[in-house]
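One structure is given below, encoded as structure tokens.
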Amino acid sequence: MRYYSVFIVLFFLIGCSSSLSPVDDGLEKQIFHFGNGSEPQGIDPHIVTGVPEHHILISLCEGLTIPNPFDDENLPGAAESWTVSDDGKIYIFKLRKNGRWSNGDPVTADDFVWSWQRILTASLGSQYPDMLYYLEGAQEYHTGETNDFSTVGVKAIDSHTLEVKLKAPTPFFTGLLSHYSTWPVHKETVLKHGSIDDRNGEWTRPGNFVCNGAFSLKSWELNNKIVVEKNPMYWDASTVQLNEIHYYPVSNVMTEDRMFRAGQLHVTSTLPSQKCPVYIEEGNPDLRIDPYMGTYFYRLNTTNPNLNDIRVRKALAYSIDRKLLVEKVTKCGQIPAYSFTPPGSNGYEPTTSIPFDPALARELLAEAGYDSENLFPKLEILFNTNEDHRKVALAVQQMWQQNLGIEVELVNQDWKVYLSREMVGDFQVSRAGWIGDYEDPNTFLDLMRPNRGNNKTGWENYEYDSLVAKANSTNDQALRYQLLDEAEKILIENMPIIPLYTYVRSYQLSPDVKGYNPHILDHHHPKFIYLERD
Amino acid sequence: MLNILIRRLLLAIPVLLAVASLTFFLIKLAPGGPFDADKAVSPQVLKNLNEAYNLDASEWEQYIDYMTGILKGDFGPSFRFPGRSVSEMIATGLPVTFELAFYAIVIALLIGVFSGVLAALKRNTYLDFIPMAIAMIGICVPTFLMGPLLVLIFGINLEILPVSGWGQLPGDKILPSITLGFAYAAYIARLSRGGMLEVLNQDFIRTARAKGLTERNVVIKHAMQGGLIPVVSFLGPAIAGLLAGSFVVETIFQIPGLGRFYVEAAFNRDYTMILGTTIFFSAMIVLFNLLSDLAAMWLNPRSRDVL
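Protein sequences appear in the order of chains A and B. Each residue of the first sequence is one higher than the one before, starting from -18 at the first, in this note's numbering. Each residue of the second sequence is one higher than the one before, starting from 3 at the first, in this note's numbering.
The structure is reproduced here in structure tokens:
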């Protein structure tokens, strides 16, 4: 009898489940079901780092500018307009008079000043204070050279006018303002639950959380779901069409794929890489491959005696067939990379090239003193454990072996071990990827300047450094791009890194979702998104 | 029995302290730290972070601080999730993991004991071979294959069950419970078959039959009590294993349980979270082993001397 009752219960439950799928239900109620990769660290814009956090924060809080779904230039956000001085160093932002926090308080210039003071407070331990280092005195305040925040170039002229003084003209400054580290937090709420430098304050919990975005936080079930609902206090609430967004932290890409196929998600965070070529071949209408501002590359440790020689580094780079790599290995619309900065970043087109020329590569290697008698010592490619990285490394291993006769060993390590080995320079060749933080070549080229923590190759070139510095001190965009291109040429000529391909954003999107336009940084402001079935 | 209970509980204290201490120093030996990221932070920021979490103190100071904390029941803040304490995260994930483990063990017992006993009674017939062959498959097929297979059939092709979630959509608890339960059902089936076969050949069963008891009474009242002792001994470690090992099923089915926190904490070098979950799971293993020993003792008085 016991057994029968169990089966009856099972069938009853099965019977119940033939209700509307979340995607169909979402269409009726304007609820957007969003595959969000992993559980966000939190939703304090000054503490968190990472893409899933960004997806949630962009609906909860709003910076001075917001990403533009139709064009490169950012749109006004919390600021309705701004003016820039002739020398490009002083920005005056006019905040919206109807800007409100989700609790109804007005959004004022003081809120921005206090928020920026918070992220620059060293004891908060924010990981992105350098986003504001472009401000006069910001770095000095953060590193403790001064305790006087009035020396930092941000000031409230009146309740709705914010003045920002920069160290140098920074043409990408308004683009930077759509990064969450520059977004405001509600002072009273933060202070109610802790001090200015409290990382663990509970102000980000549902019920406590106050911010100025198009949506407000409704519920947060750890590792399960975060729900945000339309914020009636938002200045542009009439444009917002979605009623709710449900964010699911699905870390397993196969699970996410199945959820999408079963109608539980409108959009996925990514795609299982082995499925991408299959979906392309099948002509899957839900597959989206959008341009993305990111480069997949190999770091070469220039302090290693074997890789110290530019000719060796060039030989390695010239013996890789990038076209073959993207067509036969990655197979998901990636673009072969011949520069570090992805081409077309805000109108910047690098003029560098990296030939695929095995004969020239062998010649260079011979010039460096390695031939059939004096073999090049065994090389190691370090990468973090991941099937996709292994495939690329296997292809590169094959190409170096075939074209240069170099024996290559593949070493995969757990993510944190890989990071710490890269950090201390315990590698020869190491896999790397870089995604732009803002839409400007500087987000890439700045990386390879000497003394930058993310350079990690030991390569120090002061001509390169001064070109990038010079580019960032001019207000003339054409001249700036020209200088950056010259710097990029030096980088490719010296080859401390070998660019392999430019990333793409591949994911699945339900045809019901409208207004989810491709964006090079993958920023999608939810006020432009709505659900409609054709 | 009470003496044994008290003795075993007292013994658990040094065991757990040893686990905590070993884990504390072992995780510090693993390369990489909680704040290493793809976009490396500046030394200044790293210093601030280390100060914020007391990681700049000496290992011994940190150790003493931590141990004093856990004696007071404070497992510290999570490094990965600012604003969350480890105790809070365990408390969030635990009910889900417990619920999943409960359904799984119920399914495992129902299927396992039924088919195991049946196989023993109908030895060398198709009622023995078929369930035992399925049990062998259950032992061999890992959950990471079984889960997606069930999802493909019931979730995507037949569209009768949700493919993921826990308590979000009707029926979403069925597939994960079956996936997790099936592997254990297979073990239980084989154990109960073995145990029953051994008991069924013994004299007291012959006596019971000779007295004229019905076969049903012989099996349920006499044979099963002894025949299922191996299953009971297996249940303790099995439940502990279910709790700690539900990670795969939790990941496949997107279930917000403790197993996912545990494994992800190790990848993220979330020191306090690794320690908290390790100590917690160790306590569970000790507890369930004790419970299963007590149950076995109750079923089999002879084992009292050994324990």
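Each residue gets a CB set at the ideal place from its N, CA and C atoms; glycine is no exception. Given the structure is predicted, the values throughout are model-derived calculations rather than measurements.
Buried versus exposed call for residue i [16 or more other C-beta atoms within 10 Å across all chains shown]
i, result
"Ile(-11)/A", "Residue confidence for Ile(-11)/A is low, a pLDDT of 49 falling below 50, so the modelled location carries little weight; the figure read from the coordinates is stated next. It is exposed - the Cβ of Ile(-11)/A has fewer than 16 other Cβ atoms within 10 Å."
"Thr276/A", "buried"
"Ile132/B", "exposed"
"Thr70/B", "exposed"
"Met138/B", "exposed"
"Tyr213/A", "The residue asked about is misnamed: residue 213/A is Pro in this sequence, not Tyr. Exposed: under 16 other Cβ atoms inside 10 Å."
"Tyr443/A", "exposed"
"Phe236/B", "buried"
"Arg(-17)/A", "For Arg(-17)/A, the predicted structure reports a pLDDT of 47, less than 50, and the residue's modelled location is therefore unreliable. The matter cannot be settled from this model."
"Glu403/A", "buried"
"Ser520/A", "Given that chain A is displayed from residue -18 to residue 515, the structure contains no residue 520/A and the question cannot be resolved."
"Ser66/A", "exposed"
"Gly264/A", "exposed"
"Lys256/B", "Sequence check: residue 256/B is Gln here, not Lys. Label assigned to Gln256/B: buried."
"Asn423/A", "buried"
"Cys142/B", "exposed"
"Trp62/B", "exposed"
"Asn435/A", "buried"
"Lys211/A", "buried"
Residue(s) in a DSSP beta bridge with residue i
i, result
"Leu268/A", "Gln489/A"
"Asn365/A", "Gln394/A"
"Pro16/B", "None; Pro16/B has no bridge partner."
"Val494/A", "Leu512/A"
"Tyr329/A", "Ser326/A"
"Tyr279/A", "Arg412/A and Ile479/A"
"Pro79/B", "Ser87/B"
"Pro317/A", "Tyr482/A"
"Val233/B", "In DSSP, Val233/B forms no bridge with anything."
"Thr46/A", "Pro57/A"
"Leu215/B", "Answer by DSSP bridge pairing: none, since Leu215/B is not bridged."
"Val389/A", "Leu360/A"
Bounding residues of the beta strand (DSSP E) (the contiguous stretch that carries residue i)
i, result
"Thr12/A", "According to the sequence shown, residue 12/A is Ile rather than Thr. Element bounds for Ile12/A: Ile12 to Gly16."
"Trp415/A", "Val410 to Ile416"
"Thr142/A", "Thr142 to Lys146"
"Val208/A", "Lys206 to Lys211"
"Trp201/A", "Phe196 to Glu202"
"Lys136/A", "Val135 to Asp139"
Chain E residues whose Cβ lies nearer than 8 Å to that of residue i
i, result
"Phe283/B", "Within the model displayed, chain E is absent; protein chains A and B are what it includes."
For residue i, the first and last residue of its enclosing alpha helix (DSSP H)
i, result
"Met62/B", "Per the sequence shown, the amino acid found at residue 62/B is Trp instead of Met. From DSSP, the alpha helix (DSSP H) with Trp62/B extends over Glu61 to Leu73."
"Ala110/B", "Val88 to Leu123"
"Lys173/A", "Lys168 to Lys173"
"Ala210/B", "Asp205 to Ala212"
"Lys295/A", "Ile291 to Tyr299"
"Lys470/A", "Gln458 to Asn475"
"Asn287/A", "Asn287/A -> no alpha helix (DSSP H), and no H or E assigned at all."
"Gly261/B", "Leu260 to Asn270"
"His506/A", "Segment: none, His506/A is in no alpha helix (DSSP H) and carries neither H nor E."
"Arg192/B", "Ile176 to Leu202"
"Pro130/B", "At residue 130/B the sequence reads Asp, which differs from the Pro that was named. Taken as a continuous stretch (DSSP letters only), the alpha helix (DSSP H) holding Asp130/B covers Tyr128 to Cys142."
"Pro172/B", "First-last for Pro172/B: undefined, no H or E at that position."
"Val153/B", "Premise fails: Val153/B is in no alpha helix (DSSP H) and is neither H nor E."
"Trp300/B", "Tyr273 to Leu301"
For residue j and residue i, believed in contact at Cβ under 8 Å, the rounded distance
i, j, result
"Tyr279/A", "Gly16/A", "That belief does not hold up - the Cβ atoms of Tyr279/A and Gly16/A are roughly 30 Å apart, past 8 Å."
"Leu385/A", "Ala298/A", "That belief does not hold up - the Cβ atoms of Leu385/A and Ala298/A are roughly 11 Å apart, past 8 Å."
"His27/A", "Val166/A", "7 Å"
"Asn205/A", "Ser83/A", "Not confirmed; about 23 Å, so no contact."
"Asn224/A", "Ile12/A", "6 Å"
"Ser284/B", "Gly229/B", "The Cβ separation is near 31 Å, so there is no contact."
"Leu143/A", "Ala90/A", "4 Å"
"Gln227/B", "Leu301/B", "6 Å"
"Thr438/A", "Leu281/A", "6 Å"
"Val94/A", "Gly118/A", "Not confirmed; about 13 Å, so no contact."
"Ser144/B", "Thr274/B", "Before going on, a small fix: residue 144/B reads as Pro here, not Ser. With 8 Å as the limit, Pro144/B and Thr274/B do not qualify as a contact, their Cβ atoms being about 31 Å apart."
"Ala54/B", "Leu277/B", "In fact, because the Cβ distance is near 18 Å, the residues do not count as touching under 8 Å."
"Ala340/A", "Arg292/A", "Not really, about 14 Å apart at Cβ, beyond 8 Å."
To test your reading of the DSSP string, which unbroken alpha helix (DSSP H) runs of 4 or more residues are found completely within the segment 53 to 126 of chain A?
90 to 100 and 119 to 123
What are the start and end residues of each continuous alpha helix (DSSP H) run of 4 or more residues lying completely inside the segment 222 to 277 of chain A, in chain order?
For the segment 222 to 277 of chain A, the full-length alpha helix (DSSP H) segments reaching 4 residues or more read 234 to 242 and 257 to 263 along the chain.
Continuous alpha helix (DSSP H) assignments of at least 4 residues falling wholly in the segment 415 to 443 of chain A:
423 to 426
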